[in-house]
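Visitor:
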Amino acid sequence: MPSFFGGNSCPQPRYIVRTLSYDPLIQHIENFITPREANHLLQVAVNESCRQSNFRPSRAIGTDGRSVARQERTSSTAYLPSDDPVVQCVRSRASEYQGYVDLEMMESLQATRYLEGQQYTNHYDWATNPAARNQTTNRETTFFAVLDVECSNCGTRFPKISIDWDVEDKRWCKFVDCKAVDELTVRAVAGSAVFWRNLHSNGTGDMRTLHAGLPAVGGKKVGLNIWTRREV
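Numbering (numbering that gives the first Met the number 0), first residue to last: 0 to 231.
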């Protein structure tokens with residue numbers, strides 16, 4: 000396993016997993032990214048060594064699986080180098096979390112920055128029509144981790160997941176918006192991640208995984224996308 004910060008191996012944060020939904024599977028992972036990892040990844044995304052930002056206007060996946068510019072996604076994106084030791088550690092952790100999934104099936108890690116007012120409206124991470132471009136894989140799972148957050152009410156919303164938080168344990172309100180009605184909204188908390196499965200067992204997309212990155216209000220948010228693909 001790769002090493003960094005002068006250590007012999009990747010740090011293993013003591014993250015805590017809480018299952019928000021069993022079907023579809025949606026989980027909250029507290030402390031999935033360490034503060035030092037987050038700081039390093041932010042520096043890589045901004046490319047402080049040459050004082051030049053790697054962030055570029057974000058693109059979205061169209062119905063045919065192609066990357067396209069869309070008004071629905073106003074954030075900016077920076078792809079992180081696969082040879083960076085911290086990137087390698089995070090990829091290894093995400094692989095282990097999923098039962099040691101093949102790293103070759105994992106896309107390049109993508110830092111996503113939302114400045115004041117920027118958002119990503121309702122969308123799917125999986126290509127709704129991958130056959131249109133003869134794709135043989137689709138995005139099976141998503142991790143969205145938070146590297147930095149200064150905004151309020153800028154979490155991740157799942158409008159097709161309905162949970163009555165009035166009858167649930169109030170400790171959930173630290174991680175989700177308990178005032179949200181007929182939807183699930185996961186709060187943006189630095190270091191934490193939300194993980195979900197995009198596809199059914201037969202490889203078709205799960206329509207219930209529709210989600211949105213809510214507008215950044217009062218500050219910015221920087222997240223980390225980790226996508227794993229599977230044969231379909």
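Using N, Cα and C, we set each Cβ at its ideal position, and we do this for glycine too.
As the structure is a computational prediction, the values presented were derived from the model and not from experiment.
Tell me whether residue 39 is buried or exposed, calling it buried when 16 or more other Cβ atoms sit within 10 Å of its Cβ.
Guide: Looking at its Cβ environment, which holds 16 or more other Cβ atoms inside 10 Å, residue 39 is buried.
Visitor: In chain order, what residues of the same chain have a beta carbon less than 8 Å from the beta carbon of residue 54, not counting five sequence neighbours either side?
Guide: Around residue 54: 44, 45, 75, 76, 77, 110 and 112.
Visitor: With C-beta atoms as the reference, is residue 187 less than 8 Å away from residue 216?
Guide: Contact flag unset, no.
Visitor: Mind reading off the beta-carbon distance from residue 90 to residue 105? Whole number of angstroms is fine, and I expect it under 8 Å.
Guide: So it is a contact: roughly 6 Å between Cβ atoms.
Visitor: Who are the near neighbours of residue 50 in its chain, counting only those whose CB is closer than 8 Å to its CB and skipping five residues on each side?
Guide: With a pLDDT of only 48 at residue 50, under the threshold of 50, the placement of this residue in the model should not be trusted, and no figure is reported.
Visitor: Check residue 56 in the structure and name its three-state DSSP category.
Guide: Three-state result, residue 56: strand.
Visitor: Quick check: the Cα distance between residue 41 and residue 146, rounded to an integer number of angstroms?
Guide: So the two alpha carbons sit approximately 7 Å from each other.
Visitor: In angstroms, rounded to a whole number, what distance separates the CA positions of residue 154 and residue 173?
Guide: Those two C-alpha atoms are separated by around 12 Å.
Visitor: Distance check for residue 184 and residue 83, CA to CA, integer angstroms please.
Guide: Residue 83 and residue 184: Cα-Cα distance of roughly 32 Å.
Visitor: Between which two residues does the beta strand (DSSP E) holding residue 20 run?
Guide: 15–21 is the span of the beta strand (DSSP E), which, as asked, contains residue 20.
Visitor: Would you kindly work out how many angstroms separate the C-alpha atoms of residue 138 and residue 193, rounded to a whole number?
Guide: About 15 Å.
Visitor: Write down the C-beta distance between residue 93 and residue 142 rounded to the nearest angstrom, noting that I regard them as a contact closer than 8 Å.
Guide: Rounded, the Cβ-Cβ distance is 6 Å, consistent with contact.
Visitor: Taking just the CA atoms, how far does residue 20 sit from residue 164?
Guide: Whole-angstrom Cα-Cα distance: 13 Å.
Visitor: Taking the beta carbon of residue 48 as the centre, do at least 16 other beta carbons fall within 10 Å, making it buried, or is it exposed?
Guide: Its pLDDT being 47, under 50, residue 48 is placed unreliably by the model, and nothing is read from it.
Visitor: Residue 90 lies in the alpha helix (DSSP H); which residues open and close that run?
Guide: Counting along the chain, the alpha helix (DSSP H) containing residue 90 begins and ends at 84–96.
Visitor: Does DSSP put residue 101 in a helix, in a strand, or in coil?
Guide: The answer is coil: DSSP assigns residue 101 none of H, G, I, E or B.
Visitor: Ordered along the chain, which non-local residues of its own chain (more than five positions away) have a Cβ less than 7 Å from that of residue 182?
Guide: The answer, listed in chain order, is 156, 157, 158, 160 and 161.
Visitor: Would you check if the distance between the CB atom of residue 31 and the CB atom of residue 222 is smaller than 8 Å?
Guide: Not closer than 8 Å, so no.
Visitor: Mind checking residue 98: buried by the 16 CB within 10 Å criterion, or exposed?
Guide: Per the 10 Å Cβ criterion, exposed.
Visitor: Hey, which unbroken runs of the beta strand (DSSP E) at 3 residues or more fall wholly within the region 119–158?
Guide: Taking only runs of at least 3 residues, the beta strand (DSSP E) segments lying wholly in the region 119–158 are 119–122, 136–148 and 155–157.
Visitor: Among 34, 22 and 178, whose alpha-carbon lies nearest the alpha-carbon of residue 13?
Guide: Closest by alpha carbon: 34.
Visitor: Do you know how far the Cα of residue 95 is from the Cα of residue 85?
Guide: Spanning the two alpha carbons is a distance of roughly 15 Å.
Visitor: Do you know offhand how far residue 140's Cα is from residue 102's?
Guide: Cα to Cα, the separation comes out at about 13 Å.
Visitor: Going straight from the alpha carbon of residue 10 to that of residue 231, what length do you get?
Guide: Whole-angstrom Cα-Cα distance: 34 Å.
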